[in-house]
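*Asks:* Let me begin by handing over the structure; questions about it come next.
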Amino acid sequence: MKHFQFKKSSLIVPILFAILYICIFYNVSSKKLALVRIIGNDLPPRHSPGQSLSNLKFLLENEEEFADTEKIWIINRIVDLEKEKEIIRLLDHHNKTYYRIPFVMEEYQNVMFNYNRFHVPDIVHSKDFQLLSKTLKNYVYDEIYHYKNLYAMNNNGGRQFALDVGNQIAEWTFVLDGNIFLTEEAFNDIMHEIKQYGSKFRYFVVPMIRLTSNDQLLERSGHWKRIWRMNATEEPQIIFHKRAAMTFNPNMRYGRRSKAELLWRLGIDYGYSKRRILPWETDISIGSNKLAKEIAYVFRLFSGSAEQEISGGGGARNRNRLSAIQAFINGLDIKVMQKSISNISPKYKFLLWDENHLFSERIKFWEGEKDNALITIIDYAQEVVKSNKELSIGNDYTKQLKAVAIASFCTNHKMFNKFALNNFMNGINWINESIQRNETFDKINSMFSILELHEVFRLIQPFMSTADEHYLAYSCSMILKYLKDMDIENNLPSALNSDDMMSINLSYDLWITSLSSISNDWSEIHRIFRDLPFRHQTHKNHFQSLNLRRQWNILIEIGKRFGFTMEIEMNCLYDNIEFSN
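My numbering puts the first residue of the sequence shown at 2, with every later residue one more than the last.
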């Protein structure tokens with residue numbers, strides 16, 4: 002190892018060490034300003050599909066390169082991998098720096114709904130909820146989706162990541178939404194204000210102008226500049242000094258004042274205090290001292306909907322944003338549901354039966370195992386087919402149909418196949434005819450098990466013609482419409498006791514789930530299991546009867562198959578339900 006010695010009279014080394022110390026201790030930055038943009042998922046109808054890509058392309062081709070400034074992009078949990086690849090291709094083509102925060106489905110599927118923010122128990126099944134406007138209902142579900150929103154949108158998470166990246170390379174960091182554009186004039190105004198007031202302020206806020214066409218930016222006359230300054234009235238973007246203490250609140254979700262909350266703490270109102278606070282939210286708090294100075298202006302590139310960008314379009318933006326967030330999260334949940342049920346029951350998509358056990362028993366039957374449970378079922382199925390041209394709807398209908406369907410599965414005999422298919426369709430027709438006769442749901446439900454009818458459907462589906470499948474889909478849609486129109490939740494006879502009411506409600510949920518599964522209506526299945534924990538939250542003291550506990554556990558088990566993790570302490574019996582019961 003070499004040892005370096007310096008003469009005492011030399012000043013070079015002390016100066017070098019002093020410079021190094023200052024750089025390390027004070028984190029001297031290489032750039033004056035970091036422009037860090039965050040690109041997230043497009044959310045129709047708030048955004049037009051593909052707006053992120055088209056606006057990124059416009060920005061890369063038309064925005065100036067600014068002196069003493071580093072441009073960085075944060076690719077923030079893009080779900081569509083093909084779209085993400087195209088974003089990366091564009092950034093690479095223009096030799097831009099970017100960081101990627103990945104969307105990980107395995108992480109997302111462990112994120113829970115938020116059921117603990119409401120003063121009204123079982124709010125989504127209450128009469129009060131039914132009386133709310135569509136917008137207020139969306140606000141309720143916006144709260145329920147709180148944690149899913151935090152992960153999937155990663156709004157303030159992405160902003161904080163952008164701020165951390167910027168602080169490493171620049172004295173000031175301008176955290177920008179992905180569709181924000183700076184003209185050279187606006188940039189020069191910003192740098193002039195920072196130079197003049199940077200010693201007094203650690204934060205600057207830059208108001209925004211919404212564009213109805215990106216081509217407006219290609220006109221650079223002084224006339225436009227004056228108009229732009231006058232119209233810079235929209236929610237500002239924020240510039241931070243690297244030693245600024247305040248940061249974005251990680252618990253504030255997209256669409257519910259995620260940036261406004263920080264602006265309040267900085268003493269910036271921007272009209273938010275006049276907006277309604279929902280009953281389950283805390284009061285706002287605007288700082289007494291303004292900690293930020295308002296400077297210059299920036300542009301929000303066109304979202305694809307002129308109606309939402311014009312003056313007074315805030316209401317449309319808010320409504321569409323709420324709808325877009327919920328539709329996006331519903332879509333993610335449905336992907337989780339489809340993957341989960343395919344993992345558990347890959348061939349038949351059973352709601353409750355054990356597919357692996359069924360296959361295993363069939364192999365044993367084929368191998369001639371004498372004590373195989375299927376032998377008894379098939380013998381019974383033969384008796385049913387020989388003694389009946391058509392099954393009568395009633396208590397034995399489901400039992401007989403199930404036996405014949407299992408015999409069909411094991412033997413692939415045309416006699417069983419045809420009998421099972423015909424009588425399954427007869428059952429669906431009977432339900433539709435009962436609806437037309439205005440029979441009560443309770444009476445229809447008492448005639449057979451809709452869950453086992455679903456499992457039978459899965460076994461006989463391979464034998465269905467295209468015409469059968471179309472007719473079945475139509476029939477199920479009519480039954481579902483009838484069930485929804487009945488509004489069972491709010492129209493139960495007052496004479497019923499609480500246990501009977503709960504039993505009917507759980508049966509209703511099971512009917513919706515089974516019929517929606519038959520007709521591939523994933524959104525209805527999602528709705529049932531999203532809202533199901535509210536029932537237990539409110540009515541857990543009613544789960545004393547064995548029948549109620551059994552109904553509840555069946556629904557919980559089905560929910561698990563669809564990937565819904567419902568952390569509910571039931572402390573009750575679970576009746577093991579096998580295909581042969």
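Quick reminder that beta carbons are idealized off the backbone N, C-alpha and C, glycines included.
1. Hey, Phe1 and Phe300: beta-carbon distance below 7 Å or not?
2. Checking 7 Å against the spacing of the C-beta atoms, do Ile461 and Trp512 come in under that value?
3. Just to confirm before moving on: does the CB-CB distance between Ile76 and Phe162 stay below 7 Å?
4. Helix or strand or just coil, what does DSSP make of Tyr398?
5. Classify Ala246 as helix, strand or coil using the three-state DSSP reduction.
6. Find out if the Cβ-Cβ distance for the pair Ile342, Phe563 is shorter than 7 Å.
7. Tell whether a beta-carbon distance below 7 Å holds between Asp143 and Leu323.
8. Would you check if there are 3 or more beta carbon pairs closer than 8 Å linking the segment 551–562 to the segment 352–367?
9. How do the segment 85–99 and the segment 40–59 stand: do at least 3 beta-carbon pairs fall below 8 Å, yes or no?
10. Please say whether His242 and Arg266 have beta carbons closer to each other than 7 Å?
11. CA-CA distance, Gln217 and Thr248?
12. Is Thr399 closer than 7 Å to Phe442 when the C-beta atoms are compared?
13. From the DSSP output, read off the bridge partner residues of Trp173.
14. To the nearest angstrom, how far is it from the Cα of Ile569 to the Cα of Asp380?
15. Return the first residue and the last residue of the beta strand (DSSP E) that Trp74 is part of.
16. Which class does Tyr509 belong to by DSSP, given the choice of helix, strand or coil?
17. Going by alpha carbons, who is nearest to Leu245 out of Tyr255, Asn215 and Leu292?
18. Could you check which residue in Leu151, Asn180 and His120 has the C-alpha nearest to that of Ser55?
19. For Lys294, report the span of its beta strand (DSSP E) as first-last.
20. Which two residues bound the contiguous beta strand (DSSP E) that contains Ile269?
21. How big is the Cα-Cα spacing for Phe303 and Pro45?
22. In terms of alpha-carbon separation, which member of Ile519, Asn389 and Arg254 lies closest to Phe417?
23. Classify Tyr475 as buried or exposed, calling it buried when 16 or more other Cβ atoms lie within 10 Å of its own Cβ.
24. In the DSSP output, which residue or residues are listed as bridge partners for Met209?
25. Output yes or no for whether 7 Å exceeds the beta carbon distance between Asn319 and His527.
26. With three or more beta-carbon pairs closer than 8 Å as the criterion, would you say the segment 158–173 touches the segment 121–139?
27. Under 7 Å between the Cβ atoms of Tyr255 and Asn150?
28. Give every residue of the same chain whose Cβ lies closer than 6 Å to the Cβ of Lys365, excluding the five residues on either side of it in the sequence, and list them in chain order.
29. Under the three-state reduction of DSSP, which class applies to Thr566: helix, strand or coil?
30. So does the segment 405–420 actually touch the segment 428–442, counting three or more Cβ pairs closer than 8 Å?
31. Name the DSSP bridge partner or partners of Asp178?
32. Hey, could you find the ends of the beta strand (DSSP E) Arg101 is sitting in?
33. If the criterion is Cβ atoms closer than 7 Å, does the pair Ser515 and His455 meet it?
34. To test your reading of the DSSP string, which unbroken alpha helix (DSSP H) runs of 4 or more residues are found completely within the segment 353–411?
35. Going by C-alpha to C-alpha distance, which of Ala408, Gln52 and Ala406 sits closest to Thr213?
36. Rounded to the nearest angstrom, what separates Gly369 and Tyr349 at their Cα positions?
*Replies:* Judging by the given coordinates:
1. Nothing about residue 1 can be reported from this structure: the residues present for the chain run from 2 to 582 only.
2. no
3. no
4. helix
5. coil
6. yes
7. yes
8. yes
9. yes
10. no
11. 33 Å
12. no
13. Leu34 and His242
14. Since pLDDT at Ile569 reaches only 45, below the 50 mark, its modelled position is unreliable, and the value read off the structure follows with that caveat. The alpha-carbon atoms of Ile569 and Asp380 are separated by roughly 42 Å.
15. Thr70 to Asn77
16. helix
17. Looking at the sequence provided, one finds Ala at residue 245 rather than Leu. The shortest C-alpha separation from Ala245 is found at Leu292.
18. Asn180
19. Ala293 to Glu295
20. Premise fails: Ile269 is in no beta strand (DSSP E) and is neither H nor E.
21. 14 Å
22. Asn389
23. exposed
24. Glu235 and Val299
25. no
26. no
27. yes
28. Asn373
29. coil
30. no
31. Ile39
32. Thr98 to Ile102
33. yes
34. 356–367 and 374–388
35. Gln52
36. 24 Å
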